[in-house]
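>
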Amino acid sequence: LTFPLLSVTLLVSFGSSMLYGYNLAVVNSPAEYIKAFYNATWSQRYGHGLAPGPLTLLYALTVSIFALGGLAGSLLVGVLVERYGRNGALSRSALLVLLAGGFMGFSRELGSPEMVIIGRSITGLHSGGCFLGCAQPLPRGSNLRGFLGLMPSFFICLGVFSAQVLGLPELLGKDRFWPLFLSVVVVPASLQLLLLHCFPESPRYLLIERNDVCGATKALHRFLGTPDVQDVIEEMREEQRSLSSMEMVSVWQLLRDRSVRWQTLSVVVVNAGMQLSGIDAIWFYTNTIFENAGIPASQIPYTTMGTGAIEVVAGLIGCFTIERVGRRPLIITGFCAMGVCSAGITISLLLQAALPWMRYVSVACVVGIIAGFCMGPAGVPFLMTAELFMQSHRPAAYIVGGSLNWLCNFTIGFIFPFLQMSAGAFCYLLFCGVCLLVALYVYLVIPETKNKTFMEISHIFA
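full-length UniProt numbering puts the first residue of the sequence shown at 1, with every later residue one more than the last.
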């Protein structure tokens with residue numbers, strides 16, 4: 001692992017994946033302030049405030065519109081990369097963040113809740129391509145693929161933690177600071193925009209898409225730190241020849257291809273389960289969950305920050321253990337832990353009236369859900385999607401997985417407040433069931449993909 005390769009991975013993750021994590025959690029702390037702004041603006045415009053139901057609906061839209069933007073971004077990212085290259089696509093998407101920061105930062109001054117919602121949707125559009133990254137020029141079989149593949153998921157956890165720290169009352173967690181809190185996203189985006197030009201374009205893009213052998217060789221020398229890159233060049237040439245003689249499969253063709261039906265179903269189950277596990281409800285509405293659990297209001301921001309610190313540690317553990325223990329154990333263990341802890345939240349909420357100490361069990365269960373997610377389900381599904389399919393099927397598989405991911409993210413973000421109001425403590429049993437069923441599916445159906453070729457994986461599925 002060379003310094004330039006690590007640096008570009010960190011830079012891309014900092015300006016993309018970290019922003020995704022930040023935007024997941026940034027709406028949690030200032031929720032009451034944003035609702036108050038919406039209510040006051042509505043009263044100024046129409047002479048009366050919003051009823052609790054419509055206010056909850058408007059705020060749920062603000063939270064979940066981020067995922068609809070992400071869905072659009074995930075569908076557009078392939079076109080952008082093909083046209084502008086990976087660095088070019090990342091630079092252009094960073095400009096979107098600057099625009100979104102402006103909308104959200106000036107929304108209160110201009111008395112416009114619509115600007116908050118538009119800004120959230122634009123940050124989602126940027127985050128739709130946040131796993132674009134720069135393809136790591138690693139030889140086949142390199143033991144760094146899993147580590148670098150989970151690096152974005154670690155930065156998502158770091159982004160969530162950053163939002164929780166900045167949301168403390170001593171920092172930006174006050175009424176007058178919430179527009180600034182939402183628009184802090186411009187800082188990492190600006191740094192990425194300034195520093196990205198210091199690194200060469202992705203060698204794979206230069207060689208395979210542009211047929212620029214000289215440029216790809218120079219980029220590999222820079223990234224790998226060695227003059228002998230012929231093996232990697234030959235590997236990419238082999239891939240180029242394979243792609244030139246290969247017809248890419250559309251989404252419709254993928255869904256109808258019986259030879260990969262189990263792989264396709266696995267992508268659907270794992271990606272949908274990743275979001276329907278309830279992790280987004282935890283990130284979007286952490287303070288509300290802790291409030292319902294009976295945690296004193298003055299302690300909630302610090303309790304939330306503590307959960308964020310634990311998820312960063314869990315993300316690091318996942319990065320450093322994936323190549324040792326494999327993909328399958330991490331994802332099964334993660335989903336099982338999330339399922340058990342979701343049931344634990346229900347039990348603790350039901351018993352907390354009789355047993356006040358149960359509120360701390362609720363906190364421990366929230367920590368368990370987040371830690372379980374960050375250790376496996378946060379990043380492994382994206383690695384598995386690449387490893388379950390040959391090159392001709394991968395783009396369509398990523399579209400299927402990514403679209404499901406964002407649609408389920410929107411669904412949970414939008415319906416959770418209403419689900420919580422109608423089902424109370426029992427709403428977490430839904431998440432428990434999803435997590436345990438996904439873990440069972442992975443255990444019964446999906447093989448270990450570490451150090452296996454596509455043909456080997458196909459034979460296992462067959």
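From the three backbone atoms N, C-alpha and C, an ideal C-beta is built for every residue, glycine too.
All values reported here derive from a predicted model rather than from experimental measurement.
Within this structure, are the beta carbons of Ile-332 and Tyr-443 separated by less than 7 Å?
yes
> Figure out for me which residue from Leu-180, Tyr-33 and Val-340 has the closest Cα to the Cα of Leu-98.
Shortest Cα-Cα distance from Leu-98 to any of Leu-180, Tyr-33 and Val-340 involves Leu-180.
> When DSSP labels each residue in this structure, what does Leu-254 get in the three-state scheme?
Leu-254: helix per DSSP, three-state reduction.
> On a CA-only basis, which of Leu-172, Leu-95, Thr-385 and Leu-96 is nearest Tyr-33? Give me that one, please.
Leu-172
> Classify Asn-211 as buried or exposed, calling it buried when 16 or more other Cβ atoms lie within 10 Å of its own Cβ.
exposed
> On the DSSP letters alone, give me the boundaries of the alpha helix (DSSP H) that Leu-265 sits inside.
261 to 276
> Measure the beta-carbon distance from Ser-266 to Gln-391 and round it to whole angstroms, keeping in mind my assumption that it falls under 8 Å.
Contact flag wrong, Cβ pair sits at about 18 Å.
> By DSSP, does Leu-194 sit in helix, in strand, or in coil?
helix
> Please confirm whether any heavy atom of the ligand NAD lies closer than 6 Å to the CB of Gln-230.
No copy of the ligand NAD occurs in the structure displayed, which carries no ligand at all.
> If we call anything under 7 Å between Cβ atoms a contact, is Thr-288 one with Glu-387?
In this structure, Glu-387 does not lie closer than 7 Å to Thr-288 by Cβ.
> Tell me the start and end of each unbroken alpha helix (DSSP H) in the segment 341 to 422 that is at least 4 residues and wholly inside, in chain order.
358 to 375 and 380 to 388
> If you follow the alpha helix (DSSP H) that Tyr-205 is part of, which residue opens it and which one closes it?
Unbroken run through Tyr-205: none, as it is neither H nor E.
> With a threshold of 16 other CB atoms inside 10 Å of the CB of Trp-283, please say whether the residue is buried or exposed.
Burial call: buried.
> Secondary structure at Ile-446, three-state DSSP: helix, strand or coil?
coil
> Suppose the cutoff is 6 Å on Cβ atoms and the five residues either side in sequence are ignored; what does the same chain contact list for Gly-129 look like?
Answer for Gly-129: Gly-73, Val-77 and Ser-93, listed in chain order.
> In the DSSP assignment, find the unbroken alpha helix (DSSP H) run with His-126 in it and report its ends.
113 to 127
> Which of helix, strand or coil does DSSP assign to Asp-231?
helix
> Quick one: using the 10 Å Cβ neighbour count with 16 as the cut-off for buried, is Cys-198 buried or exposed?
exposed
> Does DSSP classify Val-26 as helix, strand or coil?
Reduced to three states, the DSSP call for Val-26 is coil.
> Taking C-beta to C-beta, are Gly-159 and Met-338 nearer than 7 Å?
In this structure, Gly-159 sits away from Met-338, with a CB-CB distance that is not shorter than 7 Å.
> What is the DSSP secondary structure of Ile-457, reduced to helix, strand or coil?
Ile-457 falls in the helix class under three-state DSSP.
> At the level of alpha carbons, what is the spacing between Glu-109 and Val-185?
19 Å
> Compute the distance between the beta-carbons of Tyr-38 and Leu-58, then report whether it is under 7 Å.
Tyr-38 places its beta carbon less than 7 Å from that of Leu-58.
> Distance check for Phe-154 and Ala-439, CA to CA, integer angstroms please.
21 Å
> Check whether the segment 352 to 362 and the segment 286 to 301 touch, using three or more Cβ-Cβ pairs below 8 Å as the test.
yes
> Between the C-alpha atoms of residue 471 and Ser-202, what's the straight-line distance to the nearest angstrom?
Since the first and last residues shown for the chain are 1 and 462, residue 471 lies out of range.
> Can the beta-carbon of Cys-341 be found less than 7 Å from the beta-carbon of Gly-368?
Yes; because the gap between Cβ atoms is below 7 Å, this pair is in contact.
> With H, G and I counted as helix, E and B as strand and the rest as coil, what does DSSP make of Ile-295?
coil
> Taking C-alpha atoms, which residue in Gln-230, Glu-82, Leu-50 and Gly-308 lies nearest to Ala-371?
Gly-308
> When the Cβ atoms of the segment 390 to 404 are set against those of the segment 267 to 275, are three or more pairs found closer than 8 Å?
yes
> Can the beta-carbon of Trp-406 be found less than 7 Å from the beta-carbon of Gly-70?
yes
> Starting from the C-beta of Val-434, find all residues in its chain whose C-beta is less than 7 Å away, skip the five residues before and the five after it, and write them out in chain order.
Gly-273, Leu-276 and Ser-277
> Counting only the same chain and skipping the five closest in sequence on each side, list residues whose C-beta sits under 6 Å from that of Phe-14.
Pro-188
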